[in-house]
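**Student:** Residue numbers (full-length UniProt numbering), protein chains in the order written: chain A, 1 to 308; chain B, 1 to 308; chain C, 1 to 308; chain D, 1 to 308.
Heads up, the beta-carbon is just placed ideally off N, CA and C, and yes, glycines get one too.
There are 4 protein chains.
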Amino acid sequence: MPGLLNNQLLEDILTQVRPLIGRGKVADYIPALAEIPGNKLGIAVCTVDGEVFSAGEAAERFSIQSISKVLSLTLAMGRYEEHEIWQRVGKEPSGQPFNSLLQLELEQGKPRNPFINAGALVVCDMLQTRLSAPKQRMLEVVRTMAEQPDLAYDARVAKSEFEHSARNAAIAWLMKSFGNFENDVITVLQNYFHYCALKMSCLELAKTFLFLANEGRALHLDEPIITAQQARQINALMVTSGMYDGAGEFAYRVGMPGKSGVGGGIIAIVPHEMSIAVWCPELDTSGNSLAGTAALEILAQRIGRSIF
Amino acid sequence: MPGLLNNQLLEDILTQVRPLIGRGKVADYIPALAEIPGNKLGIAVCTVDGEVFSAGEAAERFSIQSISKVLSLTLAMGRYEEHEIWQRVGKEPSGQPFNSLLQLELEQGKPRNPFINAGALVVCDMLQTRLSAPKQRMLEVVRTMAEQPDLAYDARVAKSEFEHSARNAAIAWLMKSFGNFENDVITVLQNYFHYCALKMSCLELAKTFLFLANEGRALHLDEPIITAQQARQINALMVTSGMYDGAGEFAYRVGMPGKSGVGGGIIAIVPHEMSIAVWCPELDTSGNSLAGTAALEILAQRIGRSIF
Amino acid sequence: MPGLLNNQLLEDILTQVRPLIGRGKVADYIPALAEIPGNKLGIAVCTVDGEVFSAGEAAERFSIQSISKVLSLTLAMGRYEEHEIWQRVGKEPSGQPFNSLLQLELEQGKPRNPFINAGALVVCDMLQTRLSAPKQRMLEVVRTMAEQPDLAYDARVAKSEFEHSARNAAIAWLMKSFGNFENDVITVLQNYFHYCALKMSCLELAKTFLFLANEGRALHLDEPIITAQQARQINALMVTSGMYDGAGEFAYRVGMPGKSGVGGGIIAIVPHEMSIAVWCPELDTSGNSLAGTAALEILAQRIGRSIF
Amino acid sequence: MPGLLNNQLLEDILTQVRPLIGRGKVADYIPALAEIPGNKLGIAVCTVDGEVFSAGEAAERFSIQSISKVLSLTLAMGRYEEHEIWQRVGKEPSGQPFNSLLQLELEQGKPRNPFINAGALVVCDMLQTRLSAPKQRMLEVVRTMAEQPDLAYDARVAKSEFEHSARNAAIAWLMKSFGNFENDVITVLQNYFHYCALKMSCLELAKTFLFLANEGRALHLDEPIITAQQARQINALMVTSGMYDGAGEFAYRVGMPGKSGVGGGIIAIVPHEMSIAVWCPELDTSGNSLAGTAALEILAQRIGRSIF
């Protein structure tokens with residue numbers, strides 16, 4: 001059935017969703033994101049058989065933002081025992097319309113899952129404890145996974161985010177007050193914002209995240225990134241918590257594990273078959289790419305793929 | 001690979017999880033549930049090829065409780081347009097440790113999803129509006145789906161639940177105050193508690209819910225129960241919201257859409273392959289069958305099935 | 001200094017605040033209240049020396065609404081031991097912008113104080129337990145205190161409130177779920193709404209509430225209404241919790257214990273000196289009479305009275 | 001009636017409440033407070049006529065902690081217009097059982113009142129903006145008011161508090177995220193903790209706070225500290241918000257404006273008559289001195305003083 005999949009299909013899908021541009025809103029909480037044109041649109045697919053398809057601005061790099069939360073969790077899974085991770089961060093959806101301190105306070109500083117800001121900050125705190133150079137290490141990892149030695153952080157975005165980091169600082173300090181934060185808050189925030197400021201294209205993202213569709217393995221690397229079971233676990237976490245407060249809607253409409261970023265990118269996984277990356281900067285009210293979600297919904301229907 | 005599936009495998013799994021009995025807690029908020037022996041254990045599987053496997057007390061009927069929420073949603077999907085349903089109830093996980101009014105108040109009386117009490121009450125309110133005899137109609141439906149004309153409500157359980165219904169009454173009245181409840185509160189509560197008090201066995205449940213694995217169709221009925229897309233949608237809702245505040249953990253460990261009830265039953269779906277029903281009355285802290293979840297986790301590993 | 005107090009002063013004050021009419025909003029959640037003209041304005045003062053002053057529509061009756069919560073607490077204080085009351089309702093301000101279930105749920109069904117709806121419902125529940133005819137008994141009490149045998153409930157208002165009682169029903173049921181509500185919900189709601197629907201004039205209110213300025217005694221009755229200490233306690237509760245979420249502002253500006261109702265009435269107490277009743281139907285954002293509060297603020301300045 | 005007031009009365013009261021020692025709990029969130037013996041007990045009264053009475057350890061200095069919040073508000077009132085203060089901090093009780101971020105987030109970073117941590121931090125932020133040396137200035141002020149040139153901060157307590165300041169840092173950062181915090185978080189926290197670490201005795205506190213009973217004036221200073229109206233306003237704020245989540249209970253039992261600190265001190269005001277300071281380190285569940293509150297309750301009864 002993946003025979004249906006080709007560049008023309010992807011082009012058709014982009015044509016179909018392009019009219020949605022104008023109905024969403026580009027993230028504007030930092031200037032560096034606000035100035036991205038809202039009409040960027042790209043998609044790329046990598047299959048476990050090594051095929052690559054793409055359409056639109058699939059080769060243009062953008063700020064991956066919260067998609068990086070999957071990468072930091074992946075790194076942590078390789079450096080911590082399973083129970084060490086999950087005693088500090090939960091596995092449940094947050095059920096909150098925005099990234100709130102309310103729940104974090106009621107639940108004694110243990111974030112609900114690794115894909116909300118609080119949870120990703122705990123994961124970054126864990127990486128800071130065990131890695132000698134967490135920013136550099138992340139770069140090496142993604143350069144290897146994407147086979148792109150020039151992948152880099154957008155220093156301007158990282159700086160801009162850090163300058164608007166009051167809420168994330170509040171989150172980190174609140175977790176520290178509950179004993180769930182080990183390292184210097186500013187250092188960890190700096191790492192966190194650099195990860196968010198990674199610039200990657202749809203093609204690079206699809207290639208990087210193929211391991212989640214391929215039992216933990218990249219096609220071009222001998223060593224598995226993580227185990228097959230860990231890959232399934234990350235996919236499970238993405239289904240229940242990967243799309244902010246729109247995870248239920250995304251599962252209902254698209255039917256794939258996915259993770260979005262406020263830069264307008266989404267990665268989605270068809271287990272055992274393919275990874276998909278899509279990019280369109282305008283966001284819906286849940287903070288997920290509006291046209292990007294629509295493109296994934298149509299793609300799922302056209303190739304008859306859903307985990308359900 | 002379903003060749004691996006046989007009665008002996010199911011027996012082995014029950015043997016493996018039986019030592020967990022004693023670590024959970026039988027629901028005791030109503031006397032009729034509290035008196036069920038905690039060591040009941042049964043499992044049944046129905047495949048889309050018509051095979052049936054079972055082990056333990058798979059033929060003994062128990063109170064299906066919240067598993068009925070999937071049935072009432074299924075009924076509503078056949079009687080309402082899609083948008084009519086989702087304007088009154090959401091599709092997102094609640095992220096709440098218990099069945100709370102807090103979120104319902106903050107979100108103006110619109111329940112987060114159809115599988116929390118508030119959401120199921122809205123669905124029952126919708127059924128009351130469009131069905132002439134909602135209690136009788138549900139009985140007819142499950143008798144047909146399970147091919148068991150003697151399926152019935154446990155009147156004693158329904159009565160006992162109604163007598164302890166203060167919190168559900170509060171939920172219904174709160175929704176009424178926001179204009180999201182049309183019918184008489186007591187009438188709808190009566191329907192709701194009768195649905196919860198349906199008595200079914202694992203074998204009957206697995207057979208009844210096979211339509212969710214089989215694109216909306218029961219094997220023995222000409223008419224589809226719902227469309228293939230609706231079946232996928234229900235599976236998606238079960239993954240994100242089917243296990244109370246343990247949906248993330250269940251997806252992480254078991255990797256299947258599932259719905260539990262405080263009677264100790266769980267149904268789980270392997271799309272395109274099989275439906276599974278398991279029963280063990282002792283619950284974990286999230287309110288899901290403790291040994292039942294463990295049995296599903298082992299089964300998933302043994303037959304190599306996961307949606308991720 | 002009360003020599004300053006005379007009808008002309010009260011007239012002057014009304015003249016001064018009349019321009020505020022138009023800046024507030026008449027309560028409109030039930031039709032019977034919404035139709036009251038917003039430009040009604042009256043004030044009355046009773047001193048412990050037996051003097052009575054008034055201005056404006058001081059003799060016109062209106063719906064006293066939540067002012068009745070002080071009367072029901074007073075009745076309960078005469079029929080219950082102190083500890084019996086305060087184990088079921090607290091003495092602390094609610095700190096909530098509106099009448100919320102959120103706090104009631106977090107605090108296990110014990111309302112914060114007797115002057116929020118939840119607390120007044122618990123008090124009415126207590127009265128229902130110990131009085132044979134709570135509605136009739138309240139009438140007798142206020143008729144005696146005000147020396148007005150024709151005081152009555154506005155049946156139309158009571159009926160209209162009952163028809164819009166979904167939120168109060170939710171509150172009562174939530175308390176019942178926590179074991180803090182003994183009697184039939186509908187019966188108690190009926191009592192509660194009748195108390196709210198009492199019609200009294202400023203003159204009648206000032207006279208009725210003089211006991212709070214006079215160590216628990218009405219001037220014309222031999223028996224004290226309550227003890228001097230109980231009168232001080234009620235005044236203390238009014239200062240911290242008598243003005244919905246505007247108690248701090250009222251203490252800051254007016255400096256007297258007070259209790260307001262959404263009908264636009266406010267009673268205020270100068271301990272050892274006088275009781276004051278004011279009426280103007282338009283409310284501020286906290287639900288207190290806007291011009292009424294201003295009139296009390298000016299009166300406090302003009303006669304140099306404040307408890308601070 | 002203040003003729004009743006003498007040293008012997010105060011001795012009697014201390015004798016009466018001393019048996020309560022052992023029923024409360026010394027604050028232990030920082031080591032420097034935890035090591036204070038729980039059986040310290042002292043009381044001092046200053047009247048507007050210049051009389052001074054005391055008993056017990058009335059001359060021993062202790063950490064005034066949150067009592068300093070009244071001093072910082074007093075300073076701010078002299079350097080800001082009224083509206084400038086109240087647009088950044090509210091006047092309403094918080095209704096929270098502990099010092100929570102929940103409400104602060106729901107109310108967009110505007111603290112409920114100046115006597116909770118968040119509110120006091122905003123006030124300190126305001127002082128940092130307008131004073132060149134806020135720590136030094138506060139010392140000068142209290143030295144002048146108490147006529148004690150050797151009053152000083154306990155550097156060890158200030159340092160210890162700063163080292164345990166994660167929650168207060170979270171609060172400050174959350175307010176910064178809402179634009180309600182102007183200065184460097186660490187600088188303001190340092191000021192705040194120094195104010196809390198002021199060491200004063202009951203005699204010094206009673207003398208310092210007499211201006212609140214004396215229309216804004218200290219007896220020994222020509223210049224008023226604040227206006228008579230401002231003094232009334234502070235008293236009003238203390239009644240509704242001065243005792244953490246025990247303000248209602250304190251008003252009900254004691255009937256005076258008061259402000260407590262976790263060091264075990266309480267100041268209370270009888271307007272136009274006297275200021276009272278009491279000290280006993282063991283706290284009740286609301287964080288107020290247990291025996292200290294009891295002493296004030298008895299004193300109020302014995303001298304027949306209550307604002308109600």
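Can you tell which of 108(B), 271(B), 32(B) and 76(B) has the C-alpha that lies nearest to the C-alpha of residue 177(B)?
**Tutor:** Cα-wise, what sits closest to residue 177(B) is 108(B).
**Student:** Which same chain residues, not among the five before or five after residue 161(D), have their C-beta less than 7 Å away from its C-beta?
**Tutor:** 30, 193, 196 and 197
**Student:** Could you say which of 285(A), 241(A), 272(A) and 282(A) lies nearest to residue 304(B) if we only look at CA atoms?
**Tutor:** 272(A)
**Student:** Quick one, which of 142(A), 19(A), 234(A) and 257(A) has its alpha-carbon nearest residue 73(A)'s?
**Tutor:** 234(A)
**Student:** For residue 143(C), name the three-state secondary structure that DSSP assigns.
**Tutor:** helix
**Student:** By the criterion of Cβ-Cβ separation under 8 Å, what are the contact partners of residue 105(B) in chain C?
**Tutor:** 100, 101 and 102
**Student:** Considering only residues of the same chain and omitting the five flanking positions on each side of residue 254(B), which have a CB-CB separation below 6 Å?
**Tutor:** 296, 297 and 300
**Student:** Going by DSSP, what residue range makes up the beta strand (DSSP E) through residue 278(A)?
**Tutor:** 274 to 279
**Student:** Just to check my reading of the structure: residue 232(D) and residue 306(C) have Cβ atoms closer than 8 Å, yes? What is that Cβ distance to the nearest angstrom?
**Tutor:** 5 Å
**Student:** Could you work out which residues of chain A lie near residue 176(D), taking near to mean beta carbons separated by less than 9 Å?
**Tutor:** 166, 167, 169 and 170
**Student:** Who are the near neighbours of residue 157(D) in its chain, counting only those whose CB is closer than 6 Å to its CB and skipping five residues on each side?
**Tutor:** 32, 63 and 197
**Student:** In terms of residue numbering, what span does the alpha helix (DSSP H) encompassing residue 267(A) cover?
**Tutor:** Per DSSP, residue 267(A) belongs to no alpha helix (DSSP H); it is in the beta strand (DSSP E), 265 to 270.
**Student:** Examine chain C for any beta-carbon lying closer than 8 Å to the beta-carbon of residue 236(D), and answer yes or no.
**Tutor:** yes
**Student:** Span of the beta strand (DSSP E) holding residue 44(A)?
**Tutor:** 42 to 47
**Student:** Within a Cβ cutoff of 6 Å, which residues of the same chain sit near residue 175(D), ignoring the five residues on either side of it in sequence?
**Tutor:** 109 and 181
**Student:** Quick check on DSSP: helix, strand or coil for residue 181(A)?
**Tutor:** coil
**Student:** Determine, using beta carbons only, whether residue 279(B) comes closer than 8 Å to chain C.
**Tutor:** no
**Student:** Establish whether the CB of residue 173(C) and some CB of chain B are separated by less than 8 Å.
**Tutor:** yes
**Student:** Suppose only complete runs of 4+ residues qualify. What are the alpha helix (DSSP H) ranges in the segment 202 to 251 of chain B, listed by chain order?
**Tutor:** 202 to 209 and 228 to 241
**Student:** Secondary structure at residue 258(C), three-state DSSP: helix, strand or coil?
**Tutor:** strand
**Student:** Here's the rule: buried if 16 or more other CB atoms are within 10 angstroms of the residue's CB, otherwise exposed. What is residue 47(C)?
**Tutor:** buried
**Student:** Would you say residue 307(B) faces chain A, with C-beta separation under 8 Å as the test?
**Tutor:** yes
**Student:** Which one of 83(D), 154(D), 256(D) and 125(D) has the shortest CA to CA distance from residue 168(D)?
**Tutor:** 125(D)
**Student:** Might you give, ordered along the chain, the residues of its own chain that have their beta carbon closer than 6 Å to the beta carbon of residue 286(C), omitting 5 neighbours on each side?
**Tutor:** 244, 245 and 246
**Student:** Helix or strand or just coil, what does DSSP make of residue 70(B)?
**Tutor:** helix
**Student:** I want to verify the contact list: residues of chain D whose CB lies under 7 Å from the CB of residue 252(C), in sequence order.
**Tutor:** In chain order: 91, 233, 236 and 237.
**Student:** Within the same chain, show all residues whose beta-carbon is closer than 7 Å to that of residue 218(C), passing over the 5 residues directly before and after it, in chain order.
**Tutor:** 145, 210, 211 and 225
**Student:** Counting along the chain, where does the beta strand (DSSP E) carrying residue 52(A) start and finish?
**Tutor:** Its beta strand (DSSP E) spans residues 52 to 56.
**Student:** In the DSSP assignment, find the beta strand (DSSP E) that holds residue 198(C) and state where it starts and stops.
**Tutor:** 198 to 200
**Student:** Who pairs with residue 283(A) in a beta bridge, going by DSSP?
**Tutor:** 25(A) and 289(A)
**Student:** In the DSSP assignment, the alpha helix (DSSP H) including residue 121(C) goes from what residue to what residue?
**Tutor:** For residue 121(C), the enclosing alpha helix (DSSP H) stretches over residues 117 to 130.
**Student:** How big is the Cα-Cα spacing for residue 24(B) and residue 268(B)?
**Tutor:** 20 Å
**Student:** Which same chain residues, not among the five before or five after residue 20(B), have their C-beta less than 7 Å away from its C-beta?
**Tutor:** Cβ within range, chain order: 290, 291 and 294.
**Student:** Quick one: what's got a C-beta closer than 7 Å to residue 76(D)'s C-beta in the same chain, skipping five residues either side?
**Tutor:** 85, 123, 126 and 127
**Student:** Could you tell me the distance, in whole angstroms, from the CA atom of residue 1(B) to the CA atom of residue 141(A)?
**Tutor:** Model confidence at residue 1(B) stands at a pLDDT of 47, short of 50, so the residue's coordinates are unreliable; what they give is reported in the following sentence. Going from the Cα of residue 1(B) to the Cα of residue 141(A) covers about 36 Å.
**Student:** With distances taken Cα to Cα, identify the nearest neighbour of residue 165(D) among 242(D), 186(D), 94(D) and 220(D).
**Tutor:** 186(D)
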